[in-house]
Each structure stands twice: as structure tokens, then as C-alpha cells.
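Protein chains: 2
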Amino acid sequence: MIVKLLSEVTRMTAQPEADQLPVAGIQQLLAALQDPVRLEMVRRLVDAGGEAQCKLLYDGVGKSTAAHHFKILREAGITERLTVDGTVHQRLRAADVDDVAPGLLDAVVGAAQRATD
Amino acid sequence: MIVKLLSEVTRMTAQPEADQLPVAGIQQLLAALQDPVRLEMVRRLVDAGGEAQCKLLYDGVGKSTAAHHFKILREAGITERLTVDGTVHQRLRAADVDDVAPGLLDAVVGAAQRATD
DNA sequence: CGCCTGGTTCGATGATCGTCAAACTTCTTT
DNA sequence: AAAGAAGTTTGACGATCATCGAACCAGGCG
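Chains R and V are the protein sequences, given in the same order.
Under our numbering, the first residue of the first sequence carries the number 270, and numbering increases by one thereafter.
Under our numbering, the first residue of the second sequence carries the number 270, and numbering increases by one thereafter.
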């Protein structure tokens with residue numbers, strides 16, 4: 270539900286961004302969300318309203334490892350990199366993912382959120 | 270939607286089965302569904318109405334590999350092994366999974382189904 | 001300018017995972 | 001009883017993956 274609302278908001282405010290790579294298939298989406306570190310990143314992104322500074326999205330791993338995970342999330346089409354105020358941010362492409370796998374982000378993040386409470 | 274209805278049916282007809290291992294966390298569920306062979310197994314299980322003979326659930330891999338994947342699905346709590354007419358069957362624990370991760374199976378299988386059409 | 005913060009890229013390493021063949025069990029069938 | 005079909009287990013091999021440190025590339029600020 271949270272993600273669904275997020276999808277609407279981001280659909281409204283999304284910059285064109287023109288040519289960004291398409292969201293990957295369900296296979297690759299699941300592979301991307303399967304990792305604990307990456308799932309936490311996505312969970313925090315939802316918590317933050319769909320967009321956040323990289324630094325705030327991880328804990329317990331080095332920044333080179335974090336950059337590696339960001340890349341995988343981006344290549345799966347789950348997030349995109351954008352620059353706000355000169356600092357790099359990650360944005361959750363909730364609406365795009367929902368087009369390929371309706372309800373997936375909601376189910377996954379919801380379960381993760383409940384497991385974190 | 271298909272899975273949701275399936276959950277209801279299986280909830281009705283499920284044998285007690287008493288002490289079966291609990292469904293794993295979202296992490297392990299995603300890890301189990303991430304593999305192409307296993308996702309296809311689950312997809313075919315849904316197609317078959319929630320229960321099928323092992324043999325009908327895979328193609329292109331040896332039966333030892335298939336047995337390995339069945340084990341992983343079982344350990345994640347996604348399926349259970351039951352014997353019908355003397356032959357081993359795999360049953361999708363749709364309702365149990367839906368308790369831990371509501372909507373997950375629907376989203377994943379739905380996307381997989383659409384990608385297979 | 002020089003320094004620090006925030007991210008990325010590039011090997012390298014260690015662990016995990018998917019795959020197979022072979023041996024074994026059980027049930028069915030002839 | 002013998003033969004076959006269906007699944008599982010084990011051990012081994014190759015590939016993929018997560019992690020790290022180090023070097024590198026921006027901006028922002030002293």
C-alpha cells in the first residue's frame with residue numbers, strides 16, 4: 270500500500286529522464302532483492318519516501334561494497350541515480366517496477382518491514 | 270488472484286500435517302524463487318492447481334538437480350512433499366506463504382506467467 | 001590551493017550455488 | 001523374483017557472487 274501510493278507520487282513528479290534502461294525481468298528483480306544488504310536499501314528508500322542519499326541506505330559494509338549493490342539495483346531497474354544539490358541520490362523506480370511485476374515491491378517491502386519491526 | 274483463490278482451496282482441503290517446518294523469512298523466500306528452474310516449478314504448480322507429480326515440474330535438468338531444487342523449495346516452506354497413490358507429489362503451501370509475505374506469490378507467479386505467455 | 005567527504009571502479013579472495021554422475025531406496029509391474 | 005520408474009543423497013567441479021582494500025574522481029570548504 271505504501272509503495273502503491275509512492276508509485277502515484279513518483280509518477281506525478283518524475284522527470285522525463287528520457288532514455289533510461291528498462292526494468293529487468295522478474296528473474297533479475299528477485300535476484301536483486303534477494304540480498305540482505307540490497308533489500309535493506311530498498312526498504313530504507315521506501316521509508317525515506319522514495320529517494321535518499323546513498324550514505325543513508327546501508328550499514329555494516331564498506332562503501333565499495335555498497336556501490337556494488339547500488340549498481341545491481343540500478344541494472345535491475347529498481348533504482349536510478351540522480352543528483353540533487355550536487356550530492357548523489359538513489360531513487361526508487363516504484364512505478365516502473367510495478368508495471369513489470371505488479372504488487373511485487375509492496376509484498377517484498379511489506380514483509381521486510383514486518384520482519385524489521 | 271489465482272494464488273489467492275488457491276490459498277482458500279488449500280486452506281479448506283489441507284490435511285493437518287501436524288508439525289511441518291515454518292515458512293522461512295522474506296529473504297530466504299526470495300532466494301528460493303530467484304532461480305529460473307525453481308520459479309518454473311512454482312509456476313507449473315500454480316498452473317496444476319497447487320499440487321503435481323515431481324516429474325511434471327521441470328525440464329532440461331537432470332533429476333538429481335531437480336531433487337536439489339525441490340529441497341530448497343521445501344526448506345523455504347514454499348512446498349511440501351506428500352505421497353498420493355504411492356507417488357511423490359509436491360504441494361504448494363500457498364496459504365502459509367501468504368501469511369508470511371502477503372501477495373508475494375501472486376506478484377511473482379503473475380509476472381512469471383506473463384513473461385511465459 | 002589543499003583537504004575532506006561521498007561514490008565509483010578495479011582486481012583479488014573466499015564462499016556460495018547450480019549442475020551432473022553415480023549409488024541407493026522404494027514402489028510398481030511383469 | 002526380477003526389472004524398471006521415480007526421487008533422494010553424496011561428492012565433485014565450475015561458475016557466480018559478496019566482500020574488501022586501494023586507487024581514482026568529483027564537489028565543498030578551510
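Yeah, the Cβ is synthetic: ideal placement off N, Cα and C, and Gly gets one too.
Fair warning: this is a prediction, and the values are worked out from it, not measured in the lab.
Apart from the five residues just before and just after residue i, which ones in its own chain have a Cβ nearer than 7 Å to its Cβ?
i, result
"A283(R)", "Low local confidence applies: a pLDDT of 36 at A283(R) is under 50, so the model's placement there is unreliable, and no value is given."
"L351(V)", "H358, R360"
"I341(V)", "A301, R307"
"R343(V)", "E349, R350"
Excluding the five sequence neighbours on either side, which residues of its own chain have a C-beta within less than 6 Å of the C-beta of residue i, listed in chain order?
i, result
"H338(R)", "V306, R307"
"D304(R)", "none"
"Q377(V)", "This sequence places Val at residue 377(V); Gln is not what is there. Hits under 6 Å: L302."
"A335(R)", "Y327"
So residue i is in the alpha helix (DSSP H); what residue range does that whole segment cover?
i, result
"R307(V)", "305-316"
"V353(R)", "Taken as a continuous stretch (DSSP letters only), V353(R) belongs to no alpha helix (DSSP H), being part of the beta strand (DSSP E) at 348-353."
"R362(R)", "Neither: R362(R) is in no alpha helix (DSSP H) and is coded neither H nor E."
"Q289(V)", "Careful: Q289(V) lies outside any alpha helix (DSSP H) and carries neither H nor E."
"L325(R)", "Where L325(R) is concerned, there is no enclosing alpha helix (DSSP H), given that its DSSP letter is neither H nor E."
"A380(V)", "373-385"
"A300(R)", "295-302"
"A345(R)", "From DSSP, A345(R) is part of no alpha helix (DSSP H); its letter is neither H nor E."
Do residue j and residue i count as a contact pair if the criterion is CB distance below 9 Å?
i, j, result
"V369(V)", "A321(V)", "no"
"L373(V)", "L314(V)", "no"
"L326(R)", "E309(R)", "yes"
"G346(R)", "V366(R)", "yes"
"A317(R)", "I295(V)", "no"
Enumerate in chain order the residues of its own chain whose CB-to-CB distance from residue i is below 8 Å, with the five nearest sequence positions on each side excluded.
i, result
"P285(V)", "Confidence at P285(V) is low in this model, with a pLDDT of 38, below 50, so the placement of that residue is unreliable and no value is reported for it."
"T385(V)", "R312"
In the DSSP assignment, find the beta strand (DSSP E) that holds residue i and state where it starts and stops.
i, result
"Q322(V)", "320-322"
Mind checking who residue i pairs with in its DSSP beta bridge?
i, result
"T356(R)", "V353(R)"
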